[in-house]
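The structure appears below as structure tokens.
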Amino acid sequence: MTRSASDARKTGPRRRFALRPQAESLEGRQFLSAGDLDLSFSTGGWTTVSPVTDAKETNYDYAHDVAILGDGKILVAGTSYPDRFGLTRLGPDGALDTTFGTGGRALSTFGTRQTYGGMAVQGDGKIVIVGGIDNGVQVNRRSYVYNNDMLIVRYNANGSLDPTFGVGGVVELGISTYGGDSPGDLQNKYDEALGVAVQADGKIVVSGRAYVGAGDYDGVLLRLNPDGSQDTSFGAGGHAVSPDAASFLNVAIQADGKIVVQGDRSGATLGRFNGDGSVDDGTASDTTPGDAFGTGGFVTSTTPLGGRGWENLLIRPDDGSILAQGTVDDGQNSDIGLFRVLGDGTPDSSFGTAGMARVDVGPYEYSGGMALMPDGRIVVVGGYLGDRNVNVEHALIARLTPQGTLDPTFGTGGVALQNFSTTRDEFAGVALQPDGRIVAVGTWYRSANKSTSEGDFLITRFHGDDMTSLSSFGAPSLEGASSATKGDLTILASDWIQSPKRKRPGTIAAR
4 MTRSASDARK
14 TGPRRRFALR
24 PQAESLEGRQ
34 FLSAGDLDLS
44 FSTGGWTTVS
54 PVTDAKETNY
64 DYAHDVAILG
74 DGKILVAGTS
84 YPDRFGLTRL
94 GPDGALDTTF
104 GTGGRALSTF
114 GTRQTYGGMA
124 VQGDGKIVIV
134 GGIDNGVQVN
144 RRSYVYNNDM
154 LIVRYNANGS
164 LDPTFGVGGV
174 VELGISTYGG
184 DSPGDLQNKY
194 DEALGVAVQA
204 DGKIVVSGRA
214 YVGAGDYDGV
224 LLRLNPDGSQ
234 DTSFGAGGHA
244 VSPDAASFLN
254 VAIQADGKIV
264 VQGDRSGATL
274 GRFNGDGSVD
284 DGTASDTTPG
294 DAFGTGGFVT
304 STTPLGGRGW
314 ENLLIRPDDG
324 SILAQGTVDD
334 GQNSDIGLFR
344 VLGDGTPDSS
354 FGTAGMARVD
364 VGPYEYSGGM
374 ALMPDGRIVV
384 VGGYLGDRNV
394 NVEHALIARL
404 TPQGTLDPTF
414 GTGGVALQNF
424 STTRDEFAGV
434 ALQPDGRIVA
444 VGTWYRSANK
454 STSEGDFLIT
464 RFHGDDMTSL
474 SSFGAPSLEG
484 ASSATKGDLT
494 ILASDWIQSP
504 KRKRPGTIAA
514 R
């Protein structure tokens, strides 16, 4: 039997619904893209924080490192006047997390003065900060004798010192055996921790330097047990000293447990140690023969860098290649440099030029920090100064492709410059959120005069992937829509629009 269209319409209950989209003018709306400030963070995408609340001391605070915690909160660490460790924690929206420390801040003083080296967050949320502690003596008005030791401090996740670590949360270690260049010399003993990483078993690996006299240092690598005691199975009595680098500025742990260090002798120097502290050099003393790293366990860029400040280190989890970042300075101009080697220490010819890439957008760029995206792209931060005679420094953030070229989909030609204080701003650390947004931290300076160095912690957030967002965009209205439409359009509470064929996150940014 053939049914007519009119019969079909009469069969079953009648259902009516109307799709009534809400149309609004887009005039004045803001389209955001990768490299733009995330306006949903704090006020205008950035905020400043001082770890102290005393007004006379809020001018000397410098943020160095940042970590994104599992709950989305943002942990920032650095130094606070006069020479103290300062930490602060923010909520995902950029507001101070008052459940951390005292009112969102934690401040610690040890010895006469402290220097900041680095931060690592353990899997249980505890925070490890390393640096140096000085217990020196002022001999007279013109003479000071340094007595500097490595300082390792562990905090609980709430910002209090961890009493189960060392003595009251603190470990001090002296490595140097220097006793003066000649009989009767005042002894300047100067050891300093500069980098830290936590192994999967909870042991803590610390890199740094030890003074050996005549103005020279050797690189030092040591390992602590989870309770802060020295792991005497590592190196010689818990540490290894190497003259192949004046300092081990940073450290990272490979998936196989080997330890990569970053040095600063004559440019970008990388070295690798085995898990027991022996150098991975392929010699008879190498406990893992057959996989030597570089020459004698070390590799230095063959490019004449005149480098300084090679302080950042990453290991790509997919191929084991190693990436170092620092400032390339020839005395006339400076760039942000990145040096990448393969797992055996060979410069990666597929990256930049002979393994070296640069961020060069003007006369003077300075390295801050870097982060690796899941697809291999690299986010770098630092500072930009157009003229050394004019102290107006911009905070710089850039994104590079996996091959080391600037990513044109980010900012303007791969770079975004920001000036928050109208005088001087610079980034020192960066971290990626799981949603791809970028948190960059550094210093917001109150004065263009570098001799005063007055500043606060600067915390910012940027959009980190190609996306378009509309400020204050009204949500469309689906009046009377039946379940038949749910597979065609889903409106999510997060203000993302998701279709079955494509997912593209966006942000309603204006607040």
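The numbering used here applies: residue 4 is where the sequence shown begins, and numbers increase by one.
The C-beta atom is built at its ideal place from N, Cα and C for all residues, glycine as well.
Pop quiz: Gly128 and Ala80 are said to be a contact at Cβ under 8 angstroms. What is the actual Cβ separation, rounded to whole angstroms?
About 14 angstroms separates the two Cβ atoms, so there is no contact after all.
Smallest Cα separation from Gly211: which of Ala401, Ser83, Asp221, Ala203?
Asp221
Cβ neighbours of Gly260 in the same chain (closer than 6 angstroms, five flanking residues each side left out)
Gly278, listed in sequence order.
For Glu195, which residues does DSSP report across the bridge?
When DSSP reads this structure, Glu195 sits in a beta bridge with Arg212.
For Gln233, which residues of its own chain have a beta-carbon under 8 angstroms away from its beta-carbon, when the five flanking residues on both sides are left out?
Leu176, Leu225, Arg226, Leu227, Gly240, Gly241, His242
Contact between the segment 79-95 and the segment 42-56 is defined here as three or more beta-carbon pairs at a separation below 8 angstroms; is this criterion met?
Between the segment 79-95 and the segment 42-56 there are three or more C-beta pairs closer than 8 angstroms, enough to call the two in contact.
With a CB to CB cut of under 8 angstroms and the five nearest residues on each side skipped, what residues in its chain are close to Gly293?
Gly285
Looking at the structure shown, is Pro377 part of a helix, part of a strand, or coil, going by DSSP?
coil
Using DSSP with H/G/I as helix, E/B as strand and the rest coil, what is Val364?
coil
If we call anything under 8 angstroms between Cβ atoms a contact, is His466 one with Ala37?
yes
At the level of alpha carbons, what is the spacing between Gly297 and Gly274?
For Gly297 and Gly274, the distance between alpha carbons rounds to 8 angstroms.
Helix, strand or coil for Thr82 per DSSP?
strand
Let me know the secondary structure DSSP gives His242 once reduced to three states.
DSSP places His242 in strand when its eight states are reduced to three.
Less than 8 angstroms between the C-beta atoms of Asp321 and Asp338, yes or no?
no
What is the rounded straight-line gap between the Cα of Asp289 and the Cα of Gly445?
Between the C-alpha atoms of Asp289 and Gly445 there is a straight-line separation of about 40 angstroms.
Measure the C-alpha to C-alpha separation of Leu326 and Ile318 and round it to an integer number of angstroms.
6 angstroms
Hey, would you say Ala66 sits closer than 8 angstroms to Leu461, going by beta carbons?
yes
To the nearest angstrom, report how far apart Ser475 and Asp438 are at their CA atoms.
At Ser475 the pLDDT is 33, less than 50, meaning the model places this residue with poor confidence; the figure from the coordinates comes in the next sentence. Taking the straight line from one Cα to the other gives about 21 angstroms.
Ordered along the chain, which non-local residues of its own chain (more than five positions away) have a Cβ less than 8 angstroms from that of Arg380?
Closer than 8 angstroms at Cβ, skipping near neighbours: Arg402, Leu403, Thr404, Pro405, Asp410.
Distance, Gly432 Cα to Gln202 Cα
Linking Gln202 to Gly432 through their CA atoms gives a straight-line distance of about 22 angstroms.
Return the chain-ordered list of same chain residues with a C-beta closer than 6 angstroms to the C-beta of Gln436, the five sequence neighbours on each side being excluded.
Within the same chain, Gln436 has close Cβ partners Ile71.
Neighbour-count burial assignment, Gly162, 16 or more Cβ in a 10 Å radius:
With 16 or more Cβ atoms within 10 Å of its Cβ, Gly162 is classed as buried.
If we ignore side chains and look at the alpha-carbon of each, how far apart do Asp469 and Gly414 end up?
Confidence is the limiting factor: at Asp469 the pLDDT is only 43, short of 50, which leaves the residue's position unreliable, though a coordinate-based value still follows. Rounded to whole angstroms, Asp469 to Gly414 spans 10 angstroms at the Cα level.
Between which two residues does the beta strand (DSSP E) harbouring Ser111 extend?
Segment 108-111, the beta strand (DSSP E) holding Ser111.
DSSP state of Glu396 mapped onto helix, strand, coil
strand
C-alpha gap between Gly31 and Val383, whole angstroms:
Residue placement at Gly31 is flagged as unreliable, the pLDDT there being 44, under the threshold of 50; the coordinate-derived value follows with that caveat. Straight-line Cα distance between these residues: approximately 32 angstroms.
Could you tell me how far apart the beta carbons of Val264 and Gln257 are, in whole angstroms, since I believe they sit closer than 8 angstroms?
The beta-carbon separation of Val264 and Gln257, rounded to 12 angstroms, does not stay under the 8 angstroms limit for a contact.
Consult DSSP for Ala512 and reduce its assignment to one of helix, strand or coil.
With a pLDDT of 33 at Ala512, under the threshold of 50, the modelled position of this residue cannot be trusted, and the question is left open.
Residues near Gly340 in its chain [Cβ-Cβ closer than 6 angstroms; skip 5 each side]
Gly329, Val331, Arg361
Taking the beta strand (DSSP E) that Val282 falls in, what are its first and last residues?
Run containing Val282: none; DSSP gives neither H nor E here.
Leaving out five residues before and five after Asp194 in sequence, what residues of the same chain have Cβ atoms less than 8 angstroms from its Cβ?
Gly135, Asn151, Asp152, Met153, Leu176, Gly177, Ile178, Ser179, Gly211, Arg212, Ala213, Tyr214, Val223
Keeping to the same chain, check which residues put their C-beta closer than 7 angstroms to that of Tyr2; ignore five residues upstream and five downstream.
Only positions 4 to 514 of the chain appear in the structure, and residue 2 is not among them; the question remains open.
Would DSSP call Gly97 helix, strand or coil?
Correct three-state label for Gly97: coil.
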